[in-house]
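Report on the structure given below.
There are 2 protein chains.
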Amino acid sequence: MDQPPVATENAGSEVRDKTPRTERGRRTLRKLLDAAAVEFGERGFHEASISAITRRAGTALGSFYTYFDSKDEIFQALVRYMSEQLRDHVTPVVQEAPDAIAAERLGLQSYLGFVREHKEIYRIIDEAEFVDYASYRRHYETTVERIRHRLEGAAKRGDIRPDAGEVHAWAIAGMNVFLGMRYGLWDEAADVDAVAQAANDLLANGLKRN
Amino acid sequence: MDQPPVATENAGSEVRDKTPRTERGRRTLRKLLDAAAVEFGERGFHEASISAITRRAGTALGSFYTYFDSKDEIFQALVRYMSEQLRDHVTPVVQEAPDAIAAERLGLQSYLGFVREHKEIYRIIDEAEFVDYASYRRHYETTVERIRHRLEGAAKRGDIRPDAGEVHAWAIAGMNVFLGMRYGLWDEAADVDAVAQAANDLLANGLKRN
Chain A
1 MDQPPVATEN
11 AGSEVRDKTP
21 RTERGRRTLR
31 KLLDAAAVEF
41 GERGFHEASI
51 SAITRRAGTA
61 LGSFYTYFDS
71 KDEIFQALVR
81 YMSEQLRDHV
91 TPVVQEAPDA
101 IAAERLGLQS
111 YLGFVREHKE
121 IYRIIDEAEF
131 VDYASYRRHY
141 ETTVERIRHR
151 LEGAAKRGDI
161 RPDAGEVHAW
171 AIAGMNVFLG
181 MRYGLWDEAA
191 DVDAVAQAAN
201 DLLANGLKRN
Chain B
1 MDQPPVATEN
11 AGSEVRDKTP
21 RTERGRRTLR
31 KLLDAAAVEF
41 GERGFHEASI
51 SAITRRAGTA
61 LGSFYTYFDS
71 KDEIFQALVR
81 YMSEQLRDHV
91 TPVVQEAPDA
101 IAAERLGLQS
111 YLGFVREHKE
121 IYRIIDEAEF
131 VDYASYRRHY
141 ETTVERIRHR
151 LEGAAKRGDI
161 RPDAGEVHAW
171 AIAGMNVFLG
181 MRYGLWDEAA
191 DVDAVAQAAN
201 DLLANGLKRN
């Protein structure tokens with residue numbers, strides 16, 4: 001995973017480097033971000049508080065201010081952290097796939113599993129639309145960029161249709177996000193492998209009769 | 001379009017029928033909902049105010065309370081109103097389609113056009129996730145239900161693959177919403193017909209090489 005945010009402006013508008021330099025510091029930072037995911041996920045941005053985050057993290061209030069200046073700042077870092085956690089969850093699975101279409105199936109399957117274990121991701125990413133639009137947009141743009149890159153590589157190798165590209169990547173991202181909401185978030189009982197298989201077969205072959 | 005909300009509970013918990021009985025009343029109600037779309041779309045739920053809605057609508061404050069008891073109540077009615085406007089925009093276009101796959105292309109094309117003209121729809125529907133989750137969920141469930149109904153009818157007639165159903169409908173809804181965000185909302189210059197064509201070709205034929 002990339003390091004969490006490196007430098008932000010503080011009140012005096014000079015830039016303060018907040019990247020932790022020790023393993024202990026990195027552990028504290030992760031504890032704060034994991035606690036923030038629970039706090040923002042349960043209470044939403046407006047109700048969430050810095051003191052509740054440090055309480056959940058089991059850290060002193062001072063530790064918070066070592067890494068963040070404000071609730072806005074940890075929220076922004078959290079969106080990036082969740083986006084990176086998701087990438088790190090899905091990418092190795094996709095890289096093991098035998099072919100380009102299986103890669104998208106395994107990617108969706110892995111995403112649905114991630115949603116089941118991190119149900120707060122929808123509320124957090126979606127609230128970013130209102131709290132921090134740039135982070136919201138960046139999350140989707142970087143996610144789609146990874147899909148587009150996979151598709152264009154596979155098209156170049158002749159594994160899939162030669163015109164696969166950006167529009168297809170946005171279509172796949174939208175499919176995945178909606179299937180995650182319906183079958184990962186709302187429906188505990190759904191068989192996520194069967195959902196991924198059905199969606200992948202649509203992606204592979206389209207709607208035409210065989 | 002369906003009538004806007006018919007009955008809600010007021011403070012005394014008895015139910016008050018607020019359906020307008022005259023053409024003039026229906027016109028006032030629509031003016032309030034159109035003004036609410038602009039107000040909530042520009043300022044968001046928390047900053048929006050009832051007095052600004054009536055000012056934008058050019059109606060007296062009293063008219064508001066003829067139809068709604070609160071800001072929450074007009075927001076809920078607005079989500080439903082936008083959902084129905086979208087349905088009424090897309091449905092006749094889809095019904096004119098020569099076949100099931102063209103129906104999805106025309107549906108997406110018509111949706112992208114609607115987004116261009118009603119950019120506030122994303123902010124309003126998405127804010128419902130935080131302000132009124134039941135309305136948020138109902139919007140997607142009824143939208144997907146229409147797609148599923150189209151697909152299952154076409155499958156029964158033998159026009160498309162026989163297993164087309166719910167998972168495919170959620171996948172298509174997700175595709176459309178994300179393509180609408182990327183090419184309808186964020187990118188004024190995108191050729192929406194070309195986007196709809198590319199996405200529909202994916203939907204028709206999948207990713208496999210021809």
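Keeping their order, the protein sequence lines are chains A and B.
full-length UniProt numbering applies: residue 1 is where the first sequence begins, and numbers increase by one.
full-length UniProt numbering applies: residue 1 is where the second sequence begins, and numbers increase by one.
Yeah, the Cβ is synthetic: ideal placement off N, Cα and C, and Gly gets one too.
For this session: List the residues of chain B that A/Val192 touches, going by C-beta distances under 9 Å, in chain order.
Result: Identification of chain B residues near A/Val192 by a Cβ-Cβ cut-off of 9 Å yields none; the smallest Cβ-Cβ distance measures about 11 Å.
For this session: Just the chain B side, please: which residues come within less than 7 Å of A/Met175 by C-beta, in chain order?
Result: The answer, in chain order, is Ala171, Gly174, Met175.
Problem set entry | Below-9 Å beta-carbon distance, B/Asp72 vs any chain A residue | No - not a single Cβ of chain A is within 9 Å of the one on B/Asp72.
Exercise. Taking only beta-carbon atoms, is A/Arg16 less than 9 Å away from chain B?
Worked result: Not closer than 9 Å to any Cβ of chain B, the Cβ of A/Arg16 fails to qualify, so no.
Exercise. Do the CB positions of A/Phe178 and B/Glu127 come within less than 9 Å of each other?
Worked result: Judged by beta-carbon spacing, B/Glu127 lies beyond the 9 Å limit of A/Phe178, meaning their Cβ atoms are not closer than that value.
Exercise. If we call anything under 9 Å between Cβ atoms a contact, is B/Ile147 one with A/Lys208?
Worked result: Not in contact: B/Ile147 and A/Lys208 (Cβ atoms no closer than 9 Å).
Problem set entry | Straight-line gap, A/Tyr136 to A/Val79 (C-alpha atoms, nearest Å) | Answer to the nearest angstrom: the Cα atoms are 8 Å apart.
For this session: Report the option in A/Glu141, A/Arg182, A/His89, A/Ala154 whose CA atom is closest to the CA atom of B/Trp170.
Result: The candidate whose alpha carbon is nearest that of B/Trp170 is A/Arg182.
Exercise. In chain B, what lies closer than 8 Å to A/Lys156 by C-beta?
Worked result: None at all; the shortest Cβ gap to chain B is about 12 Å.
Exercise. According to a CB-to-CB cut-off of less than 7 Å, which residues of the stretch 102 to 134 of chain B neighbour chain A?
Worked result: Contact annotation: in the stretch 102 to 134 of chain B, residues whose CB is within less than 7 Å of a CB in chain A are Asp126, Glu127, Glu129, Phe130.
Problem set entry | Same chain, Cβ closer than 6 Å to A/Val144, five either side skipped, listed in chain order | Only Ala169, Trp170, Ala173 meet the Cβ criterion.
Exercise. Is there at least one non-hydrogen atom of the ligand NAP closer than 8 Å to the beta-carbon of A/Ser49?
Worked result: The model depicted lacks the ligand NAP and carries no ligand whatsoever.
For this session: Would you please verify whether the beta carbon of B/Ala48 is less than 9 Å from any beta carbon of chain A?
Result: Interface criterion not met: the Cβ of B/Ala48 is under 9 Å from no Cβ in chain A.
Problem set entry | Helix, strand or coil at B/Met1 according to DSSP, with G and I counted as helix | In this predicted model, B/Met1 has a pLDDT of only 41, less than 50, meaning its place in the structure is not dependable; the value taken from the coordinates is given anyway. The answer is coil: DSSP assigns B/Met1 none of H, G, I, E or B.
Exercise. So is B/Asp159 in contact with chain A if we call contact Cβ pairs under 9 Å?
Worked result: The beta carbon of B/Asp159 sits closer than 9 Å to some beta carbon of chain A.
Problem set entry | Amino acids of chain A, ordered along the chain, whose beta-carbon sits closer than 7 Å to that of B/Leu86 | Chain-ordered listing is empty here: chain A has no CB closer than 7 Å to the CB of B/Leu86, the nearest sitting near 16 Å.
For this session: Could you work out which residues of chain B lie near A/Ala164, taking near to mean beta carbons separated by less than 9 Å?
Result: Scanning chain B for C-beta atoms nearer than 9 Å to the C-beta of A/Ala164 yields Leu202, Leu207, reported in chain order.
Exercise. Would A/Asn205 pass as a contact of A/Leu108 if the rule is Cβ separation under 9 Å?
Worked result: Not in contact: A/Asn205 and A/Leu108 (Cβ atoms no closer than 9 Å).
Exercise. CA-CA distance, A/Thr66 and A/Lys31?
Worked result: So the alpha carbons of these two residues sit roughly 13 Å apart.
Problem set entry | Supposed contact pair B/Val167 and A/Ala48 - C-beta distance, whole angstroms, cut 8 Å | Their Cβ separation, rounded to whole angstroms, is 34 Å, which puts A/Ala48 and B/Val167 out of contact at 8 Å.
Exercise. Between the C-alpha atoms of B/Leu29 and B/Arg21, what's the straight-line distance to the nearest angstrom?
Worked result: Spanning the two alpha carbons is a distance of roughly 11 Å.
Exercise. Is A/Lys71 helix, strand or coil when you go by DSSP?
Worked result: Note: A/Lys71 maps to helix in three-state DSSP.
For this session: Name, please, each residue of chain A whose Cβ falls closer than 8 Å to the Cβ of B/Leu179.
Result: Against chain A, a Cβ distance below 8 Å from B/Leu179 picks out Val167, Trp170, Ala171, Gly174.
Problem set entry | Within chain A, partners of B/Ala199 - CB distance below 9 Å | Scanning chain A for C-beta atoms nearer than 9 Å to the C-beta of B/Ala199 yields Val167, His168, Trp170, Ala171, reported in chain order.
Exercise. Any idea if A/Asp132 is buried or exposed, counting beta-carbon neighbours within 10 angstroms, 16 or more meaning buried?
Worked result: A/Asp132 counts as buried, since at least 16 other C-beta atoms from the protein chains shown sit within 10 angstroms of its C-beta.
Problem set entry | Cutoff 6 Å; reference B/Leu61; Cβ partners in own chain excluding five residues on either side | If we look at B/Leu61 and ignore the five residues flanking it on each side, its Cβ neighbours are Thr54.
For this session: Ignore the nearest five residues each way along the sequence and tell me which others in B/Glu120's own chain have a CB closer than 8 Å to its CB.
Result: Within the same chain, B/Glu120 has close Cβ partners Ala37, Val38, Phe40, Gly41, Glu42.
Exercise. Cβ of B/Val144 less than 9 Å from any chain A Cβ?
Worked result: Taking Cβ atoms only, chain A reaches closer than 9 Å to B/Val144, which makes this a yes.
Exercise. Apart from the five residues just before and just after B/Ala154, which ones in its own chain have a Cβ nearer than 6 Å to its Cβ?
Worked result: Closer than 6 Å at Cβ, skipping near neighbours: Ala100, Ile160.
For this session: Taking A/Ile160 as part of the alpha helix (DSSP H), name the residues at either end of that continuous run.
Result: It is not in any alpha helix (DSSP H) - A/Ile160 carries neither H nor E in the DSSP assignment.
Exercise. With respect to the alpha helix (DSSP H) encompassing B/Arg30, which residues constitute its N-terminal and C-terminal limits?
Worked result: 23 to 47 is the extent of the alpha helix (DSSP H) around B/Arg30.
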